[in-house]
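Take 387 as the starting number for the sequence shown in our numbering and just add one per residue. C-beta atoms are modelled at their ideal positions from N, C-alpha and C, and glycine is treated no differently. Encoded as structure tokens, the structure appears first; notes follow it.
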Amino acid sequence: MEKGESVDKVLVDESVLRLDTGLEYVKRRGSKILLHRALMKWIELKAFNGDTAALEGLKKFTEFSGVELVGSSVEGVEWKEALIEYSMERHYPMITSDPVLAKVASSMGVDCHYLPPTPPLNIEEVFKEDVMSLHMKEGLPPRIKRGHPGAWVFEEITQKRLTRVEIEAMITSIMQQVYNSFGTEVFVEIEKPDLTILQLREYRIVITRPPLSDGFEITVVRPIKRIRLEDYNLPHKALLRLAEKAEGILVAGPPGMGKSTFAQALAEYYRGMNKVVKTIESPRDLRLPPDITQYSKAASKEHELHHVLLLSRPDYTVFDEMREPADFETYIDLRYAGIGMIGVIHASSPIDALHRIANRVDIGILPSIVDTLIFMDKGNVASIHTLEVSVKVPTGMKRADLARPTVIVKNFLTEEPEYELYVFGERVFFVPLKEQKQQDRRLKVFQT
Numbered sequence: 387m388e389k390g391e392s393v394d395k396v397l398v399d400e401s402v403l404r405l406d407t408g409l410e411y412v413k414r415r416g417s418k419i420l421l422h423r424a425l426m427k428w429i430e431l432k433a434f435n436g437d438t439a440a441l442e443g444l445k446k447f448t449e450f451s452g453v454e455l456v457g458s459s460v461e462g463v464e465w466k467e468a469l470i471e472y473s474m475e476r477h478y479p480m481i482t483s484d485p486v487l488a489k490v491a492s493s494m495g496v497d498c499h500y501l502p503p504t505p506p507l508n509i510e511e512v513f514k515e516d517v518m519s520l521h522m523k524e525g526l527p528p529r530i531k532r533g534h535p536g537a538w539v540f541e542e543i544t545q546k547r548l549t550r551v552e553i554e555a556m557i558t559s560i561m562q563q564v565y566n567s568f569g570t571e572v573f574v575e576i577e578k579p580d581l582t583i584l585q586l587r588e589y590r591i592v593i594t595r596p597p598l599s600d601g602f603e604i605t606v607v608r609p610i611k612r613i614r615l616e617d618y619n620l621p622h623k624a625l626l627r628l629a630e631k632a633e634g635i636l637v638a639g640p641p642g643m644g645k646s647t648f649a650q651a652l653a654e655y656y657r658g659m660n661k662v663v664k665t666i667e668s669p670r671d672l673r674l675p676p677d678i679t680q681y682s683k684a685a686s687k688e689h690e691l692h693h694v695l696l697l698s699r700p701d702y703t704v705f706d707e708m709r710e711p712a713d714f715e716t717y718i719d720l721r722y723a724g725i726g727m728i729g730v731i732h733a734s735s736p737i738d739a740l741h742r743i744a745n746r747v748d749i750g751i752l753p754s755i756v757d758t759l760i761f762m763d764k765g766n767v768a769s770i771h772t773l774e775v776s777v778k779v780p781t782g783m784k785r786a787d788l789a790r791p792t793v794i795v796k797n798f799l800t801e802e803p804e805y806e807l808y809v810f811g812e813r814v815f816f817v818p819l820k821e822q823k824q825q826d827r828r829l830k831v832f833q834t
């Protein structure tokens, strides 16, 4: 068959069937639909697993003009590859709403027509000055979180519930922007069949699909504003501490209280002091100058970043979102090596932040690992604590022979001791030294 002989026939891919983008194209041209058997096999597999979107789209094409099965399904050959190969051999045009497939097919000489879907929302238009995040899930109206950390409300943009087709159209639109703008401000952090995490300029976007989630969902988060350390109005004493003595810093607080924003300001503060600063993030969503290298934890192998940081010798490393045991081990080991560390962790109170690290090291060297604890609340610095070690009889004990290394946690501004940490037997005890709420008065006991 010579090229151009069968322009009334067109190959379709899965995205066209799922997103209903090709029906008008086919009606306008009067084309006959060609469906590759490899794609048909894939659609059947998806339908068997509960995803019938492409099958429903195929039904619409069949009702309009009929569908002709072509090609053959070859073991080990994916349907996208089979589709491109068949189009090249038979010179049939192809239609797709997949921006990557369109680029690949066109680069191989295929007459490929890209049909972009119409997304239900424009991200740029949704994010006005005080919008923190956008939440979209199939079967629910799109909602936004408006306000600032600690003082926000959920609002529905519209009462119309989003369909799966609309969510997938939104995903395709987002991915098209990503693939057209790859660079230092646009990158895909994680790409899996049921999970995508990416950074699109200032927007952090998380996309989940079944079976990971119970439906298609998109969450878009944007920092409200970029804050300098000076904007926090910290006392001069605190600024001196950060500039001259603080090298093992924990920035703690509940989710959404401004921890990463403060860590970002702190990173730029040290950069302004001519310090070499690097970050470990997952995803890389801190908005930082290009001379601060941002490493992806998700893209690295085990211990890879550890070796890179030891060899590159930064003055400070920001470790955003420490959650797993390996994260704390990396923080501790880099502190042992003398690298200044700024760790960001979730905690409901200052002392709870220490719970997550105190039982991982010898209690006597804890102040060498963490010397400054900063607690964030509603976007502000709520408290600053310092740690020091002393050999003494812990508070509450009487006998002199019970003296042992004791970590004293002090309120930095008042210099008043608030907690003591010590080992008794094989356990680490956290003892409050002043009147607290009932839940803070309970003795905290952790296995070492």
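Distance between residue 420 and residue 398 (C-alpha atoms, nearest Å): Taking the straight line from one Cα to the other gives about 6 Å.
Determine the contact status of residue 753 and residue 777, defining contact as a CB-CB distance below 8 Å. It is not a contact, given that the beta carbons lie outside the stated cut-off.
According to DSSP, is residue 797 part of a helix, a strand, or is it coil? Residue 797: strand per DSSP, three-state reduction.
Counting C-beta neighbours from all protein chains within 10 Å, is the total for residue 713 16 or more, i.e. buried, or is it exposed? The residue is buried, with at least 16 neighbouring Cβ atoms inside 10 Å.
Does residue 692 come out as helix, strand or coil in the three-state DSSP assignment? DSSP places residue 692 in the helix class (H, G or I) of the three-state scheme.
What does a CB cutoff of less than 6 Å around residue 631 pick up in its chain, not counting 5 residues either side in sequence? Answer for residue 631: no residue qualifies.
Quick one: grab the DSSP three-state call for residue 812. The answer is coil: DSSP assigns residue 812 none of H, G, I, E or B.
How many angstroms separate the CA atom of residue 541 from the CA atom of residue 463? Rounded to whole angstroms, residue 541 to residue 463 spans 46 Å at the Cα level.
If you reduce the DSSP assignment to three classes, tell me which class residue 406 lands in. If DSSP states are grouped into helix, strand and coil, residue 406 belongs with coil.
Cα-Cα separation, residue 815 to residue 645: The C-alpha of residue 815 lies about 27 Å from the C-alpha of residue 645.
Beta carbon of residue 633 nearer than 8 Å to that of residue 748: Residue 748 sits away from residue 633, with the two beta carbons spaced by 8 Å or more.
Can you check DSSP and say which residues form a bridge with residue 615? Bridge partners of residue 615: none, in fact.
Which one of 396, 448, 547 and 416 has the shortest CA to CA distance from residue 496? Closest option to residue 496, Cα to Cα, is 396.
Under DSSP, the alpha helix (DSSP H) around residue 514 begins and ends at which residues? Note, residue 514: premise wrong, no alpha helix (DSSP H); not H, not E.
Work out the CA separation of residue 581 and residue 469 for me, nearest whole Å. Our two residues, residue 469 and residue 581, have alpha carbons roughly 25 Å apart in a direct line.
Report all residues from its chain with a CB closer than 8 Å to the CB of residue 392; omit the five preceding and five following residues, and keep chain order. Model confidence at residue 392 stands at a pLDDT of 45, short of 50, so the residue's coordinates are unreliable and nothing is read from them.
Environment of residue 786 [buried if 16+ CB atoms lie within 10 Å]: Residue environment: residue 786 is assigned as exposed (fewer than 16 neighbouring CB atoms within 10 Å of its CB, all protein chains considered).
Checking the sheet assignment: what are the DSSP bridge partners for residue 577? 582, per the DSSP bridge assignment.
Which of the three DSSP states is assigned to residue 727 in this structure? Strand at residue 727.
Which runs of the beta strand (DSSP E) at least 3 residues long sit entirely within the segment 428 to 477? Give them in chain order. With a minimum length of 3 residues, the continuous beta strand (DSSP E) runs that stay inside the segment 428 to 477 are 453 to 456.
Mark residue 798 as exposed unless 16 or more other C-beta atoms lie within 10 angstroms of its C-beta, in which case mark it buried. Counting other Cβ atoms within 10 Å of its Cβ, residue 798 reaches 16 or more and is therefore classed as buried.
contact_flag[the segment 637 to 657, the segment 759 to 766] where n(CB pairs < 8 Å) is 3 or more: Output reads yes: the segment 759 to 766 touches the segment 637 to 657.
Cut-off 6 Å between Cβ atoms - residues of its own chain near residue 605, not counting five sequence neighbours on either side: For residue 605, where only same-chain residues beyond five positions count, the Cβ hits under 6 Å are 521 and 592.
Check whether chain B comes within 8 Å of residue 491, counting only Cβ atoms and requiring the distance to be less than that. Looking at the structure shown, chain B is missing, and only one protein chain is on hand.
According to DSSP, residues forming a beta bridge with residue 634: Per DSSP, 727.
Can you pull the DSSP bridge partners for residue 679? According to DSSP, residue 679 bridges with 664.
Is the beta carbon of residue 678 sitting closer than 8 Å to the one on residue 663? Contact flag set, yes.
Just checking my contact of residue 517 with residue 565 at CB under 8 Å: how many whole Å lie between their CB atoms? With 8 Å as the limit, residue 517 and residue 565 do not qualify as a contact, their Cβ atoms being about 25 Å apart.
Buried or exposed for residue 722, please, with buried defined as at least 16 other CB atoms from any protein chain shown within 10 angstroms of its CB. When all chains shown are included, residue 722 counts as exposed.
Does the Cβ-Cβ distance between residue 548 and residue 528 come in under 8 Å? Against a cut-off of 8 Å, the Cβ pair of residue 528 and residue 548 comes out as a contact.
Considering just the uninterrupted stretch of the beta strand (DSSP E) at residue 776, what are its terminal residues? It spans 766 to 778 - the beta strand (DSSP E) in which residue 776 sits, taken as one unbroken run.
In this structure, how does DSSP classify residue 597 when only helix, strand and coil are distinguished? Three-state DSSP puts residue 597 in coil, outside helix and strand.
If you drop the 5 nearest sequence neighbours on each side, which residues of the same chain put their C-beta closer than 7 Å to that of residue 682? 575, 667, 668 and 670, listed in sequence order.
Rounding to the nearest angstrom, what Cα-Cα distance links residue 791 and residue 783 in this structure? Distance between the alpha carbons of residue 791 and residue 783: 13 Å.
For residue 461, which of 586, 559 and 427 has the nearest alpha-carbon? The shortest C-alpha separation from residue 461 is found at 427.
In the DSSP assignment, what residue or residues form a beta bridge with residue 720? Partner residues in a beta bridge of residue 720, as assigned by DSSP, do not exist.
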